[in-house]
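Presented below is the structure to which this report refers.
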Amino acid sequence: MAGLTTALRLPGNPDTRYEASAATREKPWVKRLILGISLSFFALFLLLPLVAVFFEALRKGVDVYLAALTDPDALSAIRLTLLTAAIAVPLNLVFGIAAAWAITKFDFRGKHLLITFIDLPFSVSPVIAGLIYVLVFGAQGWFGPWLLAHDIKIIFAVPGIVLATVFVTFPFVARELIPLMQAQGREEEEAATVLGASGWRTFWNVTLPNIKWGLLYGVILCNARAMGEFGAVSVVSGHIRGLTNTMPLHVEILYNEYNFAAAFAVASLLAMLALVTLVVKTFIEWQAALNASAQSQKGQEE
Amino acid sequence: MRFCHMILRAGIALGSITAAHDVVADATILNVSYDVSRELYKDINPAFVAEWKTQTGEQLTINQSHGGSSKQALSVVNGLEADVVTMNQAPDIDILASRANLVSADWSKRFPHDATPYTTTSVFLVRKGNPKGIKDWNDLARPGIQVIVPNPKTSGNGRYTYLAAWGYALTKNAGSDAAARDFVSKLFANVPVLDGGGRGATTTFTQRGVGDVLATFENEAILIEREVGADKFDIVYPPLSIEAAAPVAVVDKVVDKRGTRKQAEAYLRFLFSPPGQDIIARHHFRPRDAAVFKKYAGGFPAIKTFTVHEQLGGWAKVQKEHFADDGILDQIMVRR
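Here you go:
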């Protein structure tokens, strides 16, 4: 969110002017100190563990690394993680757009309540999120006997894992879109409606192009969390090897089996996902900034 | 729109990856087990699958789930569809009978030896050369010794260590409960971290280097010596310890619903058969079969053990007095 707003800042901003003048410039040592603190903090707490993951993963050689990743249980964990993300992310995409649309384009009672509820998964511990579903759908839970009678499995099966993942990744898309759409206002949509465009047409041709970079950004964050979620999924998974283990759970299992090289190999896949996420995120911010400056130039020409 | 097209294409690609696989098998059963039995069932399962195939021609798939014993039991109560449960302490199967009526109350009479195919015992793992000179339970309660034990509330492993210390103190003090309580309090005052499960405690002791002694199951201690390095640790057998029998049961409600009773019962019977007992012994659990035990006797130093039943009045009593909320364990922990 913060990334987008800075990227959208217009050229010739006050930051550079502030730096250029000796009167307003910070003393060099202050600058170096602050930079040093943030860089060393970054190196110690972010870079070092990341390097350690890859180092540990490859310590016993590339063969062991590849064997760990092509192990049937690892493959099934990867497959389940992808499947979970493939269901949870589109669901949250649709929900996120709908919620952001409702909140920014309509006026209704209880709007603030809805905004608060969207944030709920951020404030609730993932373990609680998992336990909620056990209490509702577990054999001793509210719907347990009914589900059992109809032979529908939710908890300790794939649906439970998807549900828990949807819960924890719920706010990402909506939270990304709401400030963006609020800043953009309703004028363009109103103009389209006045000109006779249908609701769908307005959405596809006016709203979506305006929000697409923010939307993609939200989807990427949502996806990263969906694939990396541990706590909530751990509670509802049942930990059946090859059936209900996601990648993060598989890492834990391997680690507990003294299989450190394999554990770090699978962990390195997750770390790579994080790196890809970062690259795509940077690309999107760059594109969004490019878009913004192109639009402002267009505005100046007119 | 190019942008939407891109998303759609990505979605289709993902779908084709995830939809590709389905395991084909005539029957599957799920074995829900405790934390440190993973290595054992990795060998038991293929052996039984092969035997079942030659006997019946059916291709069986056995799925495994592992975790802290009590946590696993609770998952089964909450609906994890286990055909068989293989735990490390009887209360974790009793709870399936009492809380959810999943197994019949007489489950321990369905298989030989109270439905326990093997036993193990609580021993000590110390740093190489035993620098603190730890030989018996009273050494663990000495001031200045750091003892690593998993939490007796959540781990069967920790529970057996607790009960072993209690039983030891009873024998030394002519059965005095007060003396036993005093001794166990002193021992647990020496515990700097309580991990949730046996494996967590192992990692604390071996990887993080915390503690002078790890009290854990014999099979786990031997496995650590082998996996992490015999040059770093020594196993110390106390003169007296507890017999930790690992119970197994068929989950009646699940097998009747899924039609897997035949396979589930044969699977558990296999654990008691000579080939099953042989695999068990190779994983450093003490087998019930006398011939198999004799074959591997070199790996099982003689140690005097008592059972929960003989020394402590049975699991129901122990559970109520020691491990229930506000029981003796809670009182000791608060005082700590």
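Residue numbers (our numbering), protein chains in the order written: chain A, 1 to 302; chain Z, 1001 to 1336.
Virtual Cβ for every residue (Gly too), placed ideally from N, Cα, C.
All figures in this text were calculated on a predicted structure; none of them were measured in a lab.
Under 9 Å between C-beta atoms of residue i and residue j
| i | j | result |
| --- | --- | --- |
| F1048 of chain Z | F1272 of chain Z | no |
| H1283 of chain Z | L1125 of chain Z | no |
| A1141 of chain Z | K1186 of chain Z | yes |
| V236 of chain A | G160 of chain A | yes |
| Y1160 of chain Z | I1242 of chain Z | yes |
| L1240 of chain Z | T1154 of chain Z | no |
| T1206 of chain Z | I1224 of chain Z | yes |
| A139 of chain A | A1097 of chain Z | no |
| E1218 of chain Z | R1286 of chain Z | yes |
| I178 of chain A | I115 of chain A | yes |
| T244 of chain A | A157 of chain A | yes |
| D1083 of chain Z | V1251 of chain Z | yes |
| P1238 of chain Z | D1136 of chain Z | yes |
| V1191 of chain Z | V1123 of chain Z | no |
Residue-chain proximity (residue i, chain A), Cβ-Cβ < 9 Å
| i | result |
| --- | --- |
| Q1064 of chain Z | yes |
| T1203 of chain Z | yes |
| V1032 of chain Z | yes |
| G1196 of chain Z | no |
| E1227 of chain Z | yes |
| A1316 of chain Z | no |
| R1282 of chain Z | no |
| A1100 of chain Z | yes |
| S1075 of chain Z | yes |
| R1286 of chain Z | no |
| R1208 of chain Z | no |
| R1261 of chain Z | no |
| D1026 of chain Z | no |
| R1038 of chain Z | yes |
| D1092 of chain Z | no |
| D1043 of chain Z | no |
| D1035 of chain Z | yes |
Cutoff 9 Å: residue i Cβ touching any chain Z Cβ
| i | result |
| --- | --- |
| G214 of chain A | no |
| R241 of chain A | yes |
| Q140 of chain A | yes |
| I253 of chain A | yes |
| K27 of chain A | no |
| L148 of chain A | yes |
Reduced DSSP category for residue i - H, G, I as helix; E, B as strand; rest coil
| i | result |
| --- | --- |
| Q184 of chain A | helix |
| Y1162 of chain Z | helix |
| V1193 of chain Z | coil |
| A1019 of chain Z | With a pLDDT of 43 at A1019 of chain Z, under the threshold of 50, the modelled position of this residue cannot be trusted; read the value that follows with caution. If DSSP states are grouped into helix, strand and coil, A1019 of chain Z belongs with coil. |
| V53 of chain A | helix |
| H250 of chain A | helix |
| N1078 of chain Z | coil |
| Q1089 of chain Z | coil |
| H239 of chain A | coil |
| L195 of chain A | coil |
| P1143 of chain Z | coil |
| I155 of chain A | coil |
| S1033 of chain Z | strand |
| S1065 of chain Z | strand |
| P1046 of chain Z | helix |
| P1150 of chain Z | strand |
| F1124 of chain Z | strand |
| V1084 of chain Z | strand |
| A1027 of chain Z | strand |
| L75 of chain A | helix |
| L1102 of chain Z | coil |
Cβ of residue i within 9 Å of any chain B Cβ
| i | result |
| --- | --- |
| F137 of chain A | Given the protein chain composition of this structure (A and Z), no chain B is represented. |
Residues that residue i contacts on chain Z, provided the C-beta gap is smaller than 7 Å
| i | result |
| --- | --- |
| N256 of chain A | R1199 |
| V134 of chain A | N1078 |
| G238 of chain A | S1065, S1075, L1080 |
Contacts that residue i makes with chain Z (C-beta to C-beta distance below 9 Å)
| i | result |
| --- | --- |
| F143 of chain A | None at all; the shortest Cβ gap to chain Z is about 11 Å. |
Chain-ordered neighbours of residue i on chain A, where CB pairs are closer than 9 Å
| i | result |
| --- | --- |
| E1218 of chain Z | Residues of chain A passing the Cβ test: none, with the nearest at roughly 17 Å. |
| R1159 of chain Z | None at all; the shortest Cβ gap to chain A is about 19 Å. |
Per-residue contacts from residue i into chain A (C-beta, under 8 Å)
| i | result |
| --- | --- |
| E1081 of chain Z | K153, F156 |
Check: residue i C-beta below 8 Å from any heavy atom of the ligand GTP
| i | result |
| --- | --- |
| V1210 of chain Z | No copy of the ligand GTP occurs in the structure displayed, which carries no ligand at all. |
At 4 residues or longer, what runs of the alpha helix (DSSP H) sit wholly inside the segment 1242 to 1327 of chain Z? Qualifying alpha helix (DSSP H) stretches, in chain order: 1252 to 1258, 1261 to 1272, 1274 to 1282, 1290 to 1295, 1308 to 1312, 1315 to 1318.
Run through the segment 84 to 148 of chain A for me and flag every whole alpha helix (DSSP H) of 4 or more residues, listed as ranges in chain order. With a minimum length of 4 residues, the continuous alpha helix (DSSP H) runs that stay inside the segment 84 to 148 of chain A are 111 to 118, 120 to 123, 126 to 137.
My parser needs the beta strand (DSSP E) runs of 3 or more residues fully inside the segment 1169 to 1241 of chain Z; what are they? The segment 1169 to 1241 of chain Z contains these whole beta strand (DSSP E) runs: 1213 to 1217, 1233 to 1236.
Beta strand (DSSP E) runs contained entirely in the segment 24 to 71 of chain A, provided each spans 3 or more residues: Secondary structure in the segment 24 to 71 of chain A: no beta strand (DSSP E) run of 3 residues or longer lies completely within the stretch.
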